[in-house]
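In my numbering, the protein residues as written are 4 to 59. One structure is given here, and the rest of the page talks about it.
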Amino acid sequence: MLPAPKTSRFVPFLLMALALFFIVREPTHAAQFATSAFTGLMTVTDSLVTFAGALG
């Protein structure tokens, strides 16, 4: 009987495999997605810094 795969290892591996497949198949869309994700992350970070600065 085969042991059940551990989800703590399987899910990240699956996500990385899908990301690699997406990058290889659609490099332009992957670059646009990465750029927009980074821009969103920077917007959230800027908002948190502004909020923390206003606290004193």
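Virtual Cβ for every residue (Gly too), placed ideally from N, Cα, C. Bear in mind that the values here come from a model prediction, so they are computed numbers and not experimental data.
- Counting along the chain, LEU5 sits inside no alpha helix (DSSP H), nor does DSSP assign it H or E at all.
- Boundaries of the alpha helix (DSSP H) harbouring GLY43: 30-58, taken from the DSSP string.
- Around VAL47, the same chain offers no residue with a beta carbon nearer than 7 Å, after the five sequence neighbours per side are excluded.
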